Amino acid sequence: MVPVVEASNLKKTYMLGKIPVEALRDVNLTVESGDFVAILGPSGSGKSTMLNLIGALDKPTAGTLLIDGVDISKLNDSQLADLRRRVGFVFQFFNLIPRFTAIGNVELPMSIAGMNRAERRRRAEELLETVGLKERMNHKPAELSGGQQQRVAIARALANNPKFLLLDEPTGNIDSKTAREIMSLIKKLNEEKGVTIIMVTHDQHLAKEAKRVMQVFDGVISSDVVN
Amino acid sequence: MKTRDVFSYSFSAIKLRKLRAGLTTLGVVIGIAAIVALLSITQGLQNTITVQLEQGLATDTVIVSPGRSLLSGGAGQGAGIGATLGGDTSDFKLFVNDTATVNAASSDIEASIAIVQRLVYVQSDNRTFAMNVIGVDFAKYADFYSSTFMTDYGNIALNPQNDTVVIGKRLNDPWKNGTLLFNVNDDINITWANATARPPKNETYTGHVTAVLKEVGGFSFGGPSDTGVYIPISQAQSFFGTEECSMIVVKLKNSDKTTIDNASKAIEDAFNGEVSVISSTAVLDILSSVFSVIQLFLVGIAAISLLVAGIGIMNIMIVSLIERTREIGILKALGMKSRTVLMIFLSESVIIGLIGAVIGIVLGWGLANVVAVVLSGGGLFQGIGGNQAATRIGSGLMTITPVLTPTVLVGALAFGIGVSVIFALYPAWRASKLKPVEALRYE
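Sequences listed follow chains A and B, in order. Under numbering that gives the first Met the number 0, the first residue of the first sequence carries the number 0, and numbering increases by one thereafter. Under numbering that gives the first Met the number 0, the first residue of the second sequence carries the number 0, and numbering increases by one thereafter.
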């Protein structure tokens, strides 16, 4: 089976004014289907850069990165957008569209993918039920708690049957009790539904929940441990 | 993303900022309303004038008047307006007996009659009316204008008595309410200010009304007019003390363009180019081109307001784009293509343009009707056509019916949407080019 993410000798260099900054240096990693990987690192370690690359939001400077078997450095803008539909993004700040209701937000990626109205509504209801938020589906984000918003965001990420969920500090903006609920939901998705999870975090406790922890430091993977 | 979903997404964004979108739309509304109102009024005015001219003009007649044409140097079509506009600087005069020269000029000519026309004053009670006295051969005139030189009351004597006067409908019932000013068998005093006498004096002619013309309704151009006072030409000659005539109306064998052109040329040549010959078709052609220029000018002015509206749209779109940077980042992270982001912004402008244009058309049409009523009632255009009397007598000589042609309708719609889209292109393009990583980081 094709690994969902496969990186070899991955490099990313930014220009900070005129000074080149090496955010990633020679990163090699493979994430198989069904995995639950935590990418752990302090701020400035290069984990956000890695998140952007794995999420097909950005292209590497050198090396190859295969997402679902596709080399992203060879893709144009439009093809990258298509590839992103196979990635389920969950952001630290939820990033829901405030004017849409919960179900409207969950429908959005399916609408972008061109799915028809009735089908996406049905699937959105299903997904909201999965994350335990069906009864709040007609509420706008402002009427939902942080934890509820993150559940909506997870439902939205699952909308287009992605190859993996890519979570960026998923509990960074919610209280610890709700954070535990979110984590158990994520674990449940991984264990019961077989959803591949890649979670980027700086929180060691959170990382312990994953099956595998990769430590990133100074642009390289310093350790890769299976829990 | 499906087109319907793109529009629905755009609409939700517009709905979020109703006031802002409303004000942006208002710009388009004003521009389109101005264009529609101006176009439909000028079109209505043109139609009214054309119809009235066609009523007053026989297509198989041409009018010969003294003076070289400024416009065409004497080449048939289009001649004459120059003379009318005051282009006559020579002292050439056209005389009553010049009809013989005209008749001999071309075999296309059937007959011709001389017309002596002067501005006079007619007294009634304590009121004075400025009218045109027209001296003509009644028999020939009735033959030339058989459909309009007809009576409502009384008879037109083909061999009239010397004091016979035939009056236009307007002098009979100026207010159109049955209050008659002059009727058959009334005596009428016509006063002419004789400036050539030393010292200048007013000369008065007393006539006897024998007939009232049917309402002609149009402008007269050589032909019978509602504001005319008709007396036998011999009387006009002796009253005004002149052999000079104002114009010669020429009846042609047919109304073909070549006949008109050839006869016009022949007549001009017969007078060594000292006269101008104008046909009804030429008048209509000139009128139509004058109106085209006026319309273009007015639409140009109105288009400036739409341009301003366009800049408003661009401004608002750029503000909106900056506000929604993060949203665009999210959309791109969820797999939206740059092209779709572009479409979303453009469809917002299409919605604004469409709503603005529709409201603008309705508003402009309403405005045109209001203006038409005001103009018709206020009598601002009554003086057109040289009937000075009309400015004093009654009102509502000319009714303007605004015309909204399908071309204007579709054009206004397309223009409204087009301007919105063109000015939204740049902001939309900028939105589509946002990099997802940077857009997501935007606070």
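No residue lacks a Cβ here, since even glycine has one placed at the ideal position from N, Cα and C. Note that the structure is predicted; figures quoted are calculated from it, not measured.
Would you say residue i lies against chain B (beta-carbon separation less than 7 Å)?
i	result
A:Ser72	no
A:Asp76	yes
A:Arg120	no
A:Arg135	no
A:Asn94	yes
A:Arg84	yes
A:Arg150	no
A:Phe88	yes
A:Ala154	no
A:Ala80	yes
Looking at the C-beta of residue i, does it have a partner C-beta in chain A at a distance below 7 Å?
i	result
B:Gly21	no
B:Met0	yes
B:Val436	yes
B:Ala332	yes
B:Leu305	no
B:Asp284	no
B:Leu15	yes
B:Ser431	no
B:Gly395	The pLDDT assigned to B:Gly395 is 42, lower than 50, so where the model puts this residue is not dependable; a value taken from the coordinates is nonetheless given after this. False, the Cβ-Cβ gap to chain A never drops below 7 Å.
B:Ser9	no
B:Val5	no
So is residue i buried or exposed if we call it buried at 16+ other beta carbons inside 10 Å?
i	result
A:Tyr13	exposed
B:Trp364	buried
A:Met0	exposed
B:Phe296	exposed
B:Gln160	exposed
B:Gln76	Confidence at B:Gln76 is low in this model, with a pLDDT of 37, below 50, so the placement of that residue should be treated as unreliable; the coordinate-derived value is given next. B:Gln76 is buried by the Cβ-count criterion.
A:Asn189	buried
B:Thr195	exposed
B:Asp4	buried
B:Leu251	buried
A:Pro97	exposed
A:Leu230	Any property of residue 230 of chain A remains undetermined from this structure, which presents chain A solely from 0 to 226.
B:Pro198	exposed
A:Glu118	exposed
A:Arg122	buried
Within this structure, are the beta carbons of residue i and residue j separated by less than 7 Å?
i	j	result
B:Ser111	B:Asn125	no
B:Ala308	B:Gly26	yes
A:Ala80	B:Lys336	yes
B:Ser275	B:Gly66	yes
A:Ser44	A:Val3	no
B:Val340	A:Asn51	no
B:Leu439	A:Pro108	no
B:Val211	B:Tyr152	yes
B:Ile155	B:Phe181	no
B:Thr258	B:Asp107	yes
A:Glu239	A:Gln91	Absent from the structure is residue 239 of chain A, since the part of chain A shown begins at 0 and ends at 226.
By the DSSP assignment, the alpha helix (DSSP H) with residue i in it spans what residues?
i	result
A:Lys183	Here the sequence assigns Ser to residue 183 of chain A, which means Lys is not the residue at that position. Note, A:Ser183: alpha helix (DSSP H), Ser175 to Lys192.
B:Ile416	Pro405 to Ser431
A:Leu28	Taken as a continuous stretch (DSSP letters only), A:Leu28 belongs to no alpha helix (DSSP H), being part of the beta strand (DSSP E) at Ile18 to Val30.
A:Pro108	Ala101 to Ile111
A:Arg292	Residue 292 of chain A is absent from the model: chain A starts at 0 and stops at 226.
B:Met313	Ser279 to Glu322
B:Val215	First-last for B:Val215: undefined, no H or E at that position.
A:Arg155	Gly145 to Leu157
Quick one: give me the first and last residue of the beta strand (DSSP E) that residue i is part of.
i	result
B:Val211	Lys200 to Leu212
B:Leu15	Run containing B:Leu15: none in the beta strand (DSSP E); it sits in the alpha helix (DSSP H), Thr2 to Leu15.
A:Tyr13	Val4 to Leu15
B:Phe128	Arg126 to Val135
A:Ala55	No beta strand (DSSP E) contains A:Ala55, which DSSP labels as neither H nor E.
B:Glu109	Ile108 to Ser123
A:Leu132	No beta strand (DSSP E) contains A:Leu132, which DSSP labels as neither H nor E.
B:Gln60	Correcting the residue type first, residue 60 of chain B is Thr in the shown sequence and not Gln. Where B:Thr60 is concerned, the enclosing beta strand (DSSP E) stretches over Thr60 to Pro65.
B:Arg197	First-last for B:Arg197: undefined, no H or E at that position.
A:Ile196	Thr195 to Thr200
A:Phe35	Phe35 to Leu39
Are the C-beta atoms of residue i and some chain D residue less than 7 Å apart?
i	result
A:Ala209	No chain D is part of this structure, whose protein chains are labelled A and B.
> Going along the stretch 107-118 of chain A in order, which residues come within less than 7 Å of chain B, judged by CB to CB distance?
Replying inline: Within the stretch 107-118 of chain A, the qualifying residues are Leu107, Pro108, Ser110, Ile111, Ala112 and Gly113.
> the stretch 42-60 of chain A: which residues have C-beta closer than 8 Å to a C-beta of chain B, in chain order?
Replying inline: For the stretch 42-60 of chain A, the set of residues with a beta-carbon nearer than 8 Å to any beta-carbon of chain B comprises Asn51, Gly54, Leu56 and Asp57, in chain order.
>> Taking beta-carbon pairs under 8 Å, can you tell me which members of the stretch 161-184 of chain A lie near chain B?
In response: From the stretch 161-184 of chain A, no residue has a Cβ closer than 8 Å to chain B.
>> Can you pull out the residues from the stretch 4-28 of chain A whose beta carbon lies closer than 7 Å to at least one beta carbon of chain B?
In response: Those residues of the stretch 4-28 of chain A that come within reach of chain B (Cβ to Cβ, closer than 7 Å) do not exist; the list is empty.
> For the stretch 314-347 of chain B, which residues have a beta carbon sitting closer than 9 Å to at least one beta carbon of chain A?
Replying inline: For the stretch 314-347 of chain B, residues whose beta-carbon sits nearer than 9 Å to a beta-carbon of chain A comprise Arg325, Glu326, Gly328, Ile329, Leu330, Lys331, Ala332, Leu333, Gly334, Met335, Lys336, Ser337, Arg338 and Thr339.
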